[in-house]
Structures are given as structure tokens and as C-alpha cells.
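Protein chains in written order, with the numbering used here: chain D, 4 to 347; chain W, 4 to 347; chain Y, 4 to 347.
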């Protein structure tokens, strides 16, 4: 696809300095760009690359004399980049129509203009919305509902009765609606508690690769609008995750945790069951969260503590050998003093 | 399915207070239950819900006047719930027979009354027991043996020669029998050590979604009876896990670790290779286990230590800034004393 | 397969003590070996097993009188074992040719002597090298290139445009080329940054089961020659991993990290984005790496610190209760001294 720079600038919400009718056909990094490409410059560490780039235009936070061609000046380069890249990115490859090598249950309901690759399975009474794309190896269980324009990559498993919204993206290998991990005990023998609930995923959610989002014991595990998860994330049964919340790779959220809106959960974080994580909270990477977190709170560490305290304690942990030496030194000096005073 | 309350009470091992012939057709949470449903009440925090529920009956640890309908009084509400939910849960959807769109090797042996969905692959000389269910995308390698009534969800891969018992459940996306991670070194070049052993999974085991259980270098990786693993668990080559042991999500067990029976391994725990974890040990979430753990021991932390010590050290870590201040204060006071004494 | 011991010795790079024409047909552990098997003995803890083994021959670092049969003496038993096991290991089962139940796009290019199992999908303009093996459920996206002799296990997803080298092994359930995790913000709403780059995997790499290796935002995520990853590893967008580097299970490497050659990254390690990990660095299990690591440096801990310091601080953390007691004791003694001096 090709666009004049003035169209790009409009999408980016910026204004052009220089010739706004040159044609842009791609987006690339400063180092690898060629003629027709637009680039993005925001980090001064890449000044050298800006000087040398062969790109036809750049998106910048302010006019930059190191680049001689036309520039699009924007207030938020990162957001402008997201917008422009969406315009120029190649589209996701779609299978034309429903493959004969897919297995679509006769009692399912399939929308218009869908793309169903070979080796997809769609179960009884499943409902697939218009313009949905299902890649090879996708398993859609009985009575699952999938909204419009949703995109599900290869080898994803969505188990019976789960509900997926509109404009959702689910990356490859993810499992939606596996049984929650619940066992009663009879003596030492674990006895399975059937997991009868579902997973509900709302509109515009994006779920990474090889995630596991368990169905509820009763009721639903609920991923609200615009939540984004990275890869290998674990979400236990009956968890609720609020709008716009972002969860980084390999984090694990135990059963019945309620996470608020606009929360950021770092990579490899663990949250124990039944806690509340307030709106706009931030949890640093690898933290072990053992108590509820208040709205707006920033925590880190194992166990998680206020982030400022974490920074101080982390520094002090590395100085524990010195602390110990100082303590020993004090003990010796004090002993001497005591002896001295006893003699007097 | 529908049952009179007296039948439910018998399954729950409890006794009915009130009308024991009302008909129960479902199980639900207090808040979402309607007529015909039975609920479970054990946690006093949900008193409000108990007062308002529209359920027809409740399972309780002792008679509770907040609920006006019939009650089933049991000694262990959690176990009673597991039993009753099993009775009332909808059955797992089964494909009737062997799909023509599955690929079953002519030299495999398939039991009676199996449910083999489309897009299943069963290799040469594999043996599938009676009443087994294999969901779409399941790969069963050559010479794999699967016992009776075992249930394997979508997109699970079971590699050649592995042995799965009776009444096993394996959730979606899991890999059984991938190569163990073993390399020799020739200078700095890693040289693969072929992994020639198998994985053996005994009866009544349940394995979560997207687990990886590696085949042994030689011999077997062995998951014993009634072990339960949560999602995204890693089990290295030649690991042995004893009966009834429970492993929470994202835990990782390195090669050749021997885990005893009735052990609980928390979420995101890491255990380094060749250790022994004794029977009935408990390992707290996110612990890093670098030494063997004795039978019955409870450990936590990174590195793992006795749980009581962990609680004390965790508290003290958060107070390190104060400890440091106290130390500095002592140093100053001591210095003053020393000066004073020198002058005298 | 069967070989005379002298051939085995040649492969092992060792010399035979005893009869070098006996026939070896398998490799096994000391305890489970029978006639025709060769075993490996290097760890003195298994002396008992060496005495009792029924193996026909053993590989040893030096002549050992506990074993009466012929011995192959080698300088590096671990490497010798890898070599001999490769010779004796049963080959990976291969489908003969291209299954009719696979879906191979007419505009793809398929090499000679490939093994393409049923239920494989190969997209438009994909290129598959000679002697490649693709197990059931493998998804190969449009324009993907796969080199010669590469082996891809069941249910692996390789997304469009990615490039895989020669002699690569990818274990089951892994996802190559899922979108990197990149979002701009418009107010509190996360806005997807399209991920336009690819993943490039060089020759002789081995990737474990259920890994996630994300495509670059722009350019490439690059896994260089002979890198080995264990299971459930996360590699973010634009990461570069140098030759021979080994990454243990459940480690996570955030976006744009550059890892050098010959690095060892332990299990469950987390590395935050944009760091440099120098050649030959070693990172202990579960470490949280928040700063770049110099070549040859050995770090551990959360946050990661020099390994020796980590060992000292870990010990001191466990002794924090005593440190606190000593501090309190000092405070009391000092107070007494001060009082005493005041009175004087």
C-alpha cells in the first residue's frame, strides 16, 4: 500500500515539515529503511542512525536537523508510530472462505466473510461472528461464541461454552477454558472439584501465545475490555481482570484474584489467590504478591512491598556483608569499652 | 440430570434438615443460583449471599438459620461439594466413535467405545484403551499406550513410546515426552545427548494445560498415581513424582529430582536438579529450592528455608532501612562515648 | 543397530581395555542394562550399580576394577556418552513422504525426501528444505523458509515470513513468530503497535517444547547458531541470542535484550528489556536481571548481583533474626554504658 506523506501525517496526528506529497510505502527501522520507507525517531541514542538513514521521511517529537528529508512532527511519537504502522503493516494472511478440510459441525452458526483454514474444528452449536479468522489447528468447543472480526492463531484451544468478544486477538497455542485447579481432600487423596463455569473474554482483548486461562469453578473467569496479555501467562479460575490492564510474560494469577482497571503486572509476577489488585496499581517484574494491593500503589519484590522500599532494601541486601562487618566491629569496640570501664 | 435431595445428601455423606424430596438439577454459586440449584456455604464472609440466595438447598458445615430452605449438613463441605458437583456437572462432550477425519494407523490397537475426534493422529502400534476420549489435534506417537477412560484434550502431543494409565486427564496443549534438556560440551559447543527413555504416567493423574513433561535420558520420567499438576508446569527428564502430590502453576522441576508422596509444590517454584523432596513436604510459592527437603518439612523463600524463618526474614528485609539506621545511630553514639572516655 | 565395541570406542574417542570385538546393540543405565548394552560410569555414587550391572561394556574415565567386562576409557565421559548414544539411539519416527492428509499450498516449494505427516499445514510460497520432518499439527505460515534436515515436532506454529535454518530441532507446542508485546498508550487505552519483523533461527539450534519466540517489531528476532533452549522459554521481540548459548526452562528474556555467545541462562531467570548480556556470562536460576551483565560475569539473585556476593547475602538473609538480636543487644549494652558514664 502507498500513501502520500500528508495522509500519513493525518493518521499520525502530526504536521509535516518539508514536502508532504512524497509517497510512503513502508515503515522500517532507521538502519534498515530504504527509499519509500518512513521511520520513527524518539531516542537520542540513535542519533547516528538518524544521520545515516536512507528513509524517505521520519516521525519525530520535534524538528531535527540531522535528517535532511521531510519530517512529521508529533506530540506522542510512540502513539503516532502505532497508528502509522497499522496503516502500512501487511495484513494478516486470510484463508478465502471455509476450507473443506476444516470440520464445522452442522449445528454451528457461521457468520459472513469468515476465514476458516484447514484443520480447524468447530463444535456443535458454536457461533462464529462475521469476518472471524481461525488458523489451522484451532479447536472451538461446543456452544462457544466468538464475536466479529476476532482473529485466532494456530493451535489455539477454546473449550466448551466459553464466550469471546469482538475484535479479540488470541495468539497461537493458547488454551481458553481448561479446568481450574480445584481439589478437595479425602485424607491425603486429592478429589477433583468439577469446573462448571466458563471464560468470558470481552471486546478488543489481546491474549499472547501459550497462555492458559482457566474456566471458573462456577460462574465465570472474566477478562474485560482491552486487556492485553503477553506470552505464557497463567490466569486461574474465577479471576476477574479489569479494562486496559496489561500483563507481561510468564506472570501467574491465582484463583479468584480480582485485578482492577489500568493495572500493569510485570513479567513472572505471582499473585496468590483471592487478593484484590486496585485500579492503576503497578507490580514490578518477578514480584510475589501475598497481600492485596491498593489502587494506584506501586509494589515490587518478594514478598511485594512498596516500590521505594524495595529499592532501598535491595540496595541494603547487597550491603548485608558490610552491615554484618559493621555490627561485628561495633561489638568489639563496645566490649573494649566495657572492659575499660570495668577496670576503672 | 435431576436428583431428589436425599440422593444428593447420600453422595455428599451428609444429612438433610428439611424436605429431602425436593428435586435438584444443578449446582451454582449462592449469588447466581436459581430454583432447582444447590449451593455450598462454608465461608462466613458470604453470609449476605446466603441470606439472599434463590437456591433450593444448601450444603453447610452446620445448620444455618440465615437460609430458610432445606440444608444438607456435612462434616467436610469442600469434599461434599466435589462429590455433588461431580454428580451434577454436565459430562465432557464426546465425539461418537472414531471420526473418519482422524488418522488412525492401521497397526494401532483401539479399544471399545472410544471417542476419537477429527484431526487426531494415532501412530503405529499405539494402544488406546476402552472409553478413551481424544480431542481434535491430539498427537499420539508410535507405540504409545493409553489406558482406559483416559481423557485427552485438544492439541496435546504425546511422543513415541510413552505410557499413560487409566482415568488420566491431560489438558490442552500439553507435551508429554519431549526430549529432556541434556547436552555435553565439546569446547564451548553444546552436543546433544539423545533422550532415549520414556514418560510413564500412572492412573488417575491429572496434568494441566501447556505442561511439558520430558522423556528420560534413559529409563523413565515417572508421574505416579493421582498426581495433579496445574498449568504451565515443567517436569525435567528422569524426575519421579510420588502419589497424590500436587504441583501448582508454572512450577519447574529440574532433571532427576525425586519428589515424594503427598507433597505440595507452590506456584512458580523452582527446584534444581538431583534433589530429594521428602513425603508430605510443602514448598511455598516462588521458592527457589537449592537443597533437598526432608519429609514433612515446610519451606519457602529464595533460597528456600524453613517457612517460619522465611516469615521472620521477610519481615526483617522490609525493616532493613531501619536496621541500617539503628546501626548508624549506634556507631555515632559509640564514637561519642569513645571520645569522651579518651578525654577523661 | 549393532556395532562391535571397537567401533563404539572410535566414536567415543576412547580406547578399549578387554575384548573389543563384542557386539553392542543398545545403551542403558547401569541398573537396567542387559547383555548387548553399553553403559556410562562417571559418578562414584553409582559404584554399587557398576558392581551389579549386567551390561556388556562400560564407558569410564579410567579403568575400574569393579566391572569385570571390557571397558572403554575416555577423557570426557559425558561427551563420549553423547556420541555413542547418538549412534545407538532409535531414529525419530518419520512419515514416508508427504501425507495426502496434509495441506500443502500449491505455491509452496518442497524439497526432496521430506517427511510430512497428516494434519500439517504449509502456506503459500513457503520453502521446505530436503529431508525436513514435520509432525502432525505443524503450522507453517506463508513465505516461511525451513532449511535442510530440520525436525519440527507436533503442534508447532511457525508464523508468516519466519526463517528457520538447517539441522534445527523445534519441540512440540512451540510458537515461532507470534506478535511481540508492544503497545502505545492513548490516555489509559493500550494501542497495538503492529509487529512487522520476523524471527530468524540459525543452523543447529534446538528449541524446547511450548516456547514462545516473538517476531520483531521491525527487523528480526535472531537466535544464532547452536543456541539451545529448554521448555517454556519466552523470548521477546528483537532479542538477539549469540552462538552456543543455553537457556534453561521457564526463563524469560524481554524485548531487545542482546545476549552474547556461550552464555548460560538458568531456569526461571527474568531479564528486563534492552540489556546486554556479555559473552560467557552465567546467570543463576530464578535471578532477576535488571542491569547489563559483563562478559564472563557470574550473577545470581533478585536483583541479580555477583554470584559470590549472592552466596554471602543469602546466608546473611537467613541470619537476619540473629543480626537483629545482636543489634538489640548492642543497643541495650550501649544504653547501660551511657547511663553509667552520665552518673559518673
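Yeah, the Cβ is synthetic: ideal placement off N, Cα and C, and Gly gets one too.
- Residue 217 (chain D) has D:181 as its beta-bridge partners, per DSSP.
- Counting only the Cα atoms, residue 57 (chain Y) lies some 17 angstroms from residue 23 (chain Y).
- The stretch 322-342 of chain D makes contact with the stretch 311-323 of chain Y; the number of CB pairs closer than 8 angstroms reaches 3 or more.
- Under the DSSP assignment, residue 14 (chain W) falls in the alpha helix (DSSP H) whose first and last residues are 8-15.
- Here residue 106 (chain W) is bridged, per DSSP, to W:124.
- Here residue 272 (chain D) really is in contact with residue 254 (chain D); their C-beta atoms are around 4 angstroms apart, less than 8 angstroms.
- Counting only runs of at least 3 residues, the stretch 223-303 of chain Y fully encloses the following beta strand (DSSP E) elements, listed from N- to C-terminal order: 223-226, 301-303.
- For residue 154 (chain D), the pairing in a beta bridge is given by DSSP as D:136, D:172.
- About 13 angstroms separates the Cβ atoms of residue 87 (chain W) and residue 19 (chain W), ruling out a contact at the 8 angstroms cut-off.
- Here residue 267 (chain W) really is in contact with residue 285 (chain W); their C-beta atoms are around 5 angstroms apart, less than 8 angstroms.
- Shown here, residue 146 (chain Y) sits in coil according to DSSP, grouped into three states, outside any helix or strand.
- By the 16-neighbour rule on beta-carbons within 10 angstroms, residue 54 (chain W) is exposed.
- In the DSSP assignment, residue 87 (chain D) falls within the alpha helix (DSSP H) that extends over 80-91.
- In its chain, beyond the 5 residues on either side, 155, 159, 210 have a beta carbon closer than 6 angstroms to the beta carbon of residue 173 (chain W).
- Against residue 104 (chain D), the close residues of chain Y are 106, in the order they occur along the chain (beta-carbon pairs closer than 8 angstroms).
- Where residue 44 (chain D) is concerned, there is no enclosing beta strand (DSSP E), because DSSP gives it neither an H nor an E.
- At a C-beta separation below 7 angstroms, residue 257 (chain Y) has no neighbours in chain W, since its nearest C-beta there lies roughly 17 angstroms away.
- Contact between the stretch 88-96 of chain D and the stretch 100-117 of chain Y is not established, with fewer than three Cβ pairs separated by less than 8 angstroms.
- Proximity of residue 189 (chain W) to chain D, defined by a Cβ-Cβ separation below 8 angstroms, is not satisfied.
- Cβ neighbours of residue 166 (chain D) within its own chain (closer than 6 angstroms, five residues either side excluded): 148, 203.
- At least one C-beta of chain Y is nearer than 8 angstroms to the C-beta of residue 138 (chain D).
- Neighbours of residue 234 (chain W) in chain Y, taken as residues whose beta carbon is under 8 angstroms from its own, are absent, since the nearest beta carbon is some 11 angstroms off.
- Counting C-beta pairs with one atom in each stretch, the stretch 212-225 of chain D and the stretch 174-191 of chain D have three or more that are closer than 8 angstroms, which means they touch.
- Among the residues of the stretch 143-164 of chain W, those with a Cβ less than 8 angstroms away from any Cβ of chain D are 156, 157, 158, in the order of the chain.
- Under DSSP, residue 308 (chain D) takes part in a beta bridge, and its partners are D:303.
- DSSP places residue 324 (chain Y) outside any beta strand (DSSP E); the residue lies instead in the alpha helix (DSSP H), whose first and last residues are 323-346.
- CA-to-CA, the gap between residue 189 (chain W) and residue 16 (chain Y) works out to about 12 angstroms.
- At a cut-off of 8 angstroms between C-beta atoms, residue 315 (chain W) counts as an interface residue with respect to chain Y.
- According to the DSSP secondary-structure assignment, residue 193 (chain Y) is paired through a beta bridge with Y:188.
- Here DSSP, grouped into helix, strand and coil, assigns residue 209 (chain W) to strand.
- Inclusion of residue 281 (chain D) and residue 297 (chain D) in the CB contact set at 8 angstroms is warranted, their separation being smaller than that value.
- Against residue 122 (chain W), the close residues of chain Y are 122, in the order they occur along the chain (beta-carbon pairs closer than 7 angstroms).
- Separation of residue 238 (chain W) and residue 97 (chain D) (C-alpha to C-alpha, rounded to the nearest whole angstrom) is 37 angstroms.
- Looking at the DSSP output, residue 201 (chain D) bridges to D:223.
- In this structure residue 129 (chain D) is in contact with residue 146 (chain D), their Cβ atoms being roughly 6 angstroms apart against a cut-off of 8 angstroms.
- Nearest CB-CB separation between residue 328 (chain Y) and chain D: not below the 8 angstroms threshold.
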